[in-house]
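Data block below; observations after.
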Amino acid sequence: MRTRRTFAAMVALVAATLSACGPSQSDTQGGGVGADGRQKIVVGTLPIASSAALHLGIEKGFFADEGLDVSEQSIPNSAGAMAAVQGGQVQFAYTPSMPMFIALSQGIELKAVAAADGYPKGAYDQWIAAGRTTNPDDTAVLVREDSDIKSPRDLEGKVVAVPSRRTQLEITTARAVEEDGGDPTKINWIALSFQDMIPTLEAGRVDAIAEVSPFVQQAKSQGARVLTYPGIGTFREGAVGLWIGASTFVEANPDVAKRFATAMNKANDYANSHIDEAYAKAAEVTKISVDILKSGARPYWPNVVEPGDLDRAAQAMKDLGYLNETPTTDSLVVR
């Protein structure tokens, strides 16, 4: 109940904040039509490289071709994104699948409308075939170069920083520890912002940090060592990040959801096939140089959300105790 009240409070806070500085309420309900006859929608984005495909799609006219006039609203984290769609402040927003499952378990009704990021088919098998020596992942667990932590199981009993509790980087790190023979329930988790993790690790106040690109590259450039890439071992392939909508909006506006998905899929295909343009756009979004972005794993934008992609994530969460039961993922995906 405390978690549900916290989420409800965040819905109210995000709604108030976006109402004060964002588009008008009439526009954000998805019913507004511009002078050019296009349907107005607002999309909540995070300042991460995955958002590059959306921005390219807007620039290339893929959304306009579907009769959509898209405005972008920056939101700091996935909890805020889910609160914004639930509160009706945006029609669609980015979140990884695991935070969505936590929200669903608390009675927050959401739908996966389109894929936002993930891994290409066969990515996990290729990583294993390469002896786990390649960099397949835009997330990583890092330690200081002089740390005596040599494998994920060594994190047992240590202090590990994650961007927020009970969300994706904590869960995938816990999975990596368990698969390596450690007990993730004995980890001392603390929540820090992506920006604060690196100096906190350098100062020795935490033993490890779970980061996402481009902060992984930044940490490595400042002497941190990659312990493991936790995402690939859990998700393996397919969609990880999602463009979601509130069930009430999606069910009331199925045509808008379908047109958004169609345009987003075109944008994802374009980003994959024009990777230099995608890197340039990602650099604009993240304020990180293209060279630093290219030093990490190459991004990938799937053009479909398969229920099996979500099943793997949900099952990992249930196995680790983050979910009491797995959802029926087929009903979560908009077709």
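The sequence shown: position 309 = 370 (the working numbering), numbered continuously.
Glycine is no exception: its CB is placed at the ideal position from the N, C-alpha and C atoms.
A quick note: this is a predicted structure, and the numbers were derived from the prediction, not measured.
DSSP on residue i, reduced to helix/strand/coil?
| i | result |
| --- | --- |
| I305 | strand |
| N364 | coil |
| Y290 | coil |
| A145 | helix |
| V135 | It is worth fixing the name first, because residue 135 is Ser in this sequence and not Val. If DSSP states are grouped into helix, strand and coil, S135 belongs with the strands. |
| G105 | strand |
| V151 | coil |
| L381 | coil |
Taking the straight line between their C-alpha atoms, what separation do you get for residue i and residue j?
| i | j | result |
| --- | --- | --- |
| K379 | T228 | 13 angstroms |
| G149 | M143 | 10 angstroms |
| I349 | P275 | 7 angstroms |
| V287 | R214 | 14 angstroms |
| G105 | L117 | 15 angstroms |
| A145 | V131 | 16 angstroms |
| E298 | W362 | 11 angstroms |
| K121 | D337 | 15 angstroms |
| Y383 | A190 | 30 angstroms |
| V204 | A177 | 29 angstroms |
| D316 | R396 | 11 angstroms |
| F321 | I210 | 45 angstroms |
| D199 | E127 | 31 angstroms |
Spatial neighbours of residue i within its chain, please: CB distance less than 6 angstroms, with the 5 preceding and 5 following residues excluded, ordered by chain position.
| i | result |
| --- | --- |
| A339 | A113 and A332 |
| G83 | Note that G83 scores 41 on pLDDT, short of 50, meaning its location in the model is unreliable and no value can be drawn from it. |
| A343 | A110, A113 and L354 |
| E206 | G284 and R286 |
| E386 | none |
What whole-angstrom Cβ distance do residue i and residue j have, given they're in contact under 8 angstroms?
| i | j | result |
| --- | --- | --- |
| G306 | A324 | Between A324 and G306 the Cβ distance is about 14 angstroms, and since that is not below 8 angstroms, they are no contact. |
| L381 | E239 | 7 angstroms |
| W304 | F153 | 5 angstroms |
Within its chain, find whatever has a CB closer than 7 angstroms to the CB of residue i; leave out the 5 residues flanking it on each side and keep chain order.
| i | result |
| --- | --- |
| T390 | P368, L371, D372 and A375 |
| S212 | D241 |
| T195 | W188 |
For residue i, I'd like the list of residues in its chain whose CB is within less than 8 angstroms of its CB, leaving aside the five on either flank, ordered along the chain.
| i | result |
| --- | --- |
| P160 | S139, A140, M143, T228 and Q229 |
| I251 | V220, V221, A222, V223 and V267 |
| K182 | E298 and G299 |
Can you tell me which residues form a DSSP beta bridge with residue i?
| i | result |
| --- | --- |
| E272 | A201 |
| W250 | V221 |
| P245 | Per DSSP, none; premise fails for P245. |
| K355 | DSSP lists no partner for K355. |
Does the CB of residue i have a neighbour CB from chain C at under 8 angstroms?
| i | result |
| --- | --- |
| A343 | Annotation note: the requested chain C is absent from the structure, which comprises a single protein chain. |
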